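Taking it in order: structure first as structure tokens, then the write-up.
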Amino acid sequence: MRELVLYDTMTKAKRAFVPIDAKKIRMYVCGPTVYDFAHIGNARPIIVFDVLFRLLRHLYGEAHVTYVRNITDIDDKINARAAERGVSIRTLTEETAKQFHADIAALGVLPPTHEPRATDHIAEMIAMIERLIRANAAYAAEGHVLFNVEAKADYGRLARRSLDEMIAGARVDVAPFKRNPMDFVLWKPSDDKTPGWESPWGRGRPGWHIECSAMGEALLGETFDIHGGGIDLVFPHHENEIAQSECAHGGAPLANYWMHNGFLQVEGQKMSKSLGNFVTIHDALKDWPGEVLRFNMLRSHYRQPIDWTERGLKESETILGRLEDRASGAEKASVAAPVLDALLDDMNTPQAIAELHQEKDEGALAASLAFLGFASDKTKNDKRLPAGTDEAAIEAMVAARFAARKAKDFKEADRLRAELEAMGVILKDGPEGTTWELKR
RNA sequence: GGCCACGUGGCGGAGUGGUUACGCAACGGUCUGCAAAACCGUGUACCCCGGUUCAAUUCCGGGCGUGGCCUCCA
């Protein structure tokens, strides 16, 4: 078997994956901020890193891979939404997290090993901030605590930007208490109406980046193998995570491999609420089986941009349906070697899918589909029947037509077929009888 | 303005310094009471302009286009 090769954003190159400890593979992926329905763009890293999680478990054994994906449940967008709705942030985040879990489960995503919530780790964040102050990498000013980017000689390395460039490019007014314009907030004060926690710097709340540093350290240690997320997180979030963690850890690297998935557009345009093309996972699941959404996502390489289109989804449904048809009923064998090889090459899922088409052995095909997270043949007839019909009624009509056809009453048979077609049901006559499925 | 990605046949989408990607759709055929499905067959692409090379879609430079990011807050 070939070795696993991953593209590392830090070095901008594919590198052989060498684990720190093959018995303890550790991966951290930035999870959602839970204040509203997750959209289809949020689903991309969830699905992409789910494939990586499955691959790592396959290579190193299920017991030897730890996958942490956090839930951000303290954030100013959360505060604003909770205040708007007049509920506590806990109520809002619990509700949203629950919805998130339901959505991604439908996408065939395995639960991560740990799913820490920021508010459960405030103490660790405060402790880390204190360490940063002691290490002269952070300072308190006017109720805030700021990270001093000058404490990190290679700040900007991940994003490949120098401090000078960033300062020159800054478009926003700089808070007067900052020592360097690029200094970022570790802790900020909360007024009486804003959620807050007691700290050495008064009642306040954490900045955005510190939670991932604190939770990563708590669950995975100072240095772990893989850190992942969307490419939009490279700067500032991951850059700042690195700065915080490495300064708190005496320079030990935060992660050995940095992986970022590409962005997603909808029908050729950027997804935004104002354009009205904002697709939530929840809404997409009303129109398509979760497996089709997953397949559509994996038809593009994770680092490539992806254009999310109706046409593409239809095509995905057709392709996946055919693959699952071929695999259905087969005893699962082992994952096809070419499929695995494609995944080992920086998770080349389009190549893996191409290999699926070439796979002649149905057992290997079934196993490969399952390995990629397509666990069933539920894609078709996903119980999304037209309003006012039910499965029993359709079955009865199908049977009636079959009888008519057998009696060579083709006129009646065609009439029934036309009627079924009007309901969106397509018939398939085979030697064993007639099967049906829903057309789209 | 700065930094960074991407641009492949009707569509989706890998990959490669010189050989068929693959799939969807389309078209032709087999099969079928008629269909659908399935199966067989057909198609020859790499944004533009230079450069390097015996040879570039594939390496280098420039251009154009699309997208992402550019401290807290937005």
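Each residue of the first sequence is one higher than the last, beginning at 82 in the working numbering. Note that beta-carbon positions come from the ideal geometry of N, C-alpha and C, so glycine has one too. What you are looking at is a predicted structure, and each value in this text was computed from that prediction instead of being measured.
In terms of Cα proximity to isoleucine 185, the closest of Gln325, Ile101, Gly112, Val479 is Gly112. Scanning its chain for C-beta atoms nearer than 7 angstroms, with the 5 sequence neighbours on each side dropped, one finds around phenylalanine 359 the residues His120, Met352, Ser353, in chain order. In the DSSP assignment, tyrosine 109 falls within the unbroken beta strand (DSSP E) covering 106-110.
In this structure, tyrosine 116 lies away from threonine 194, with their beta-carbon atoms at least 8 angstroms apart.
Short of 6 angstroms from the beta carbon of phenylalanine 258, and not among the five residues preceding or following it, lie these beta carbons of its own chain, in chain order: Ala222, Glu223. Rounded to the nearest whole angstrom, the C-alpha separation of leucine 519 and isoleucine 507 is 6 angstroms. Membership of proline 126 in the alpha helix (DSSP H) is indicated by the continuous run 121-141. Note that the C-beta distance between proline 317 and phenylalanine 344 is not below 8 angstroms. Put simply, the backbone Cα of leucine 140 is about 12 angstroms away from that of aspartate 422.
If you ignore the 5 residues before and after isoleucine 127, its C-beta comes within less than 6 angstroms of the C-beta of Ile185, Val190, all in its own chain and listed in chain order.
When the beta-carbon positions are compared, methionine 296 and proline 197 come within less than 8 angstroms of each other. Under the 8 angstroms Cβ criterion, the segment 152-171 does not count as touching the segment 388-406, having fewer than three qualifying pairs. For the pair alanine 336 and phenylalanine 228, the CB atoms are not nearer than the 8 angstroms cut-off.
CA-CA distance, histidine 290 to lysine 509, rounds to 55 angstroms. Between the alpha carbons of glutamate 246 and arginine 238 lies a gap of roughly 12 angstroms. Pairing phenylalanine 483 with aspartate 426, the inter-Cα distance amounts to about 49 angstroms. Bounds of any beta strand (DSSP E) do not take in histidine 182; it lies within the alpha helix (DSSP H) bounded by 170-186. Within the same chain, Cβ atoms closer than 6 angstroms to the Cβ of leucine 87 are found at Phe98, Tyr338, Asp427, the five residues on either side in sequence being excluded. Excluding residues up to 5 positions away in sequence, Phe265, His290 lie with their Cβ nearer than 6 angstroms to the Cβ of asparagine 321 in the same chain. A residue is called buried once 16 or more other Cβ atoms fall within 10 Å of its Cβ, and valine 373 is buried on that count. Counting C-beta atoms within 10 angstroms of its own C-beta, serine 280 has 16 or more neighbours from the protein chains shown and is therefore classed as buried. Secondary structure note for proline 431: its alpha helix (DSSP H) is the uninterrupted segment 430-439. It is roughly 24 angstroms from the alpha-carbon of alanine 445 to the alpha-carbon of valine 146. One thing to note: leucine 136 has its Cβ within 8 angstroms of the Cβ of leucine 424.
According to the DSSP secondary-structure assignment, methionine 340 is paired through a beta bridge with Gly309. Excluding five sequence positions before and after arginine 96, the CB atoms of its chain that fall closer than 6 angstroms to its own CB belong to Asp89, given in chain order. In the DSSP assignment, glutamate 348 falls outside any alpha helix (DSSP H), carrying neither H nor E. Alanine 408 is positioned such that its CB atom lies closer than 8 angstroms to that of leucine 450.
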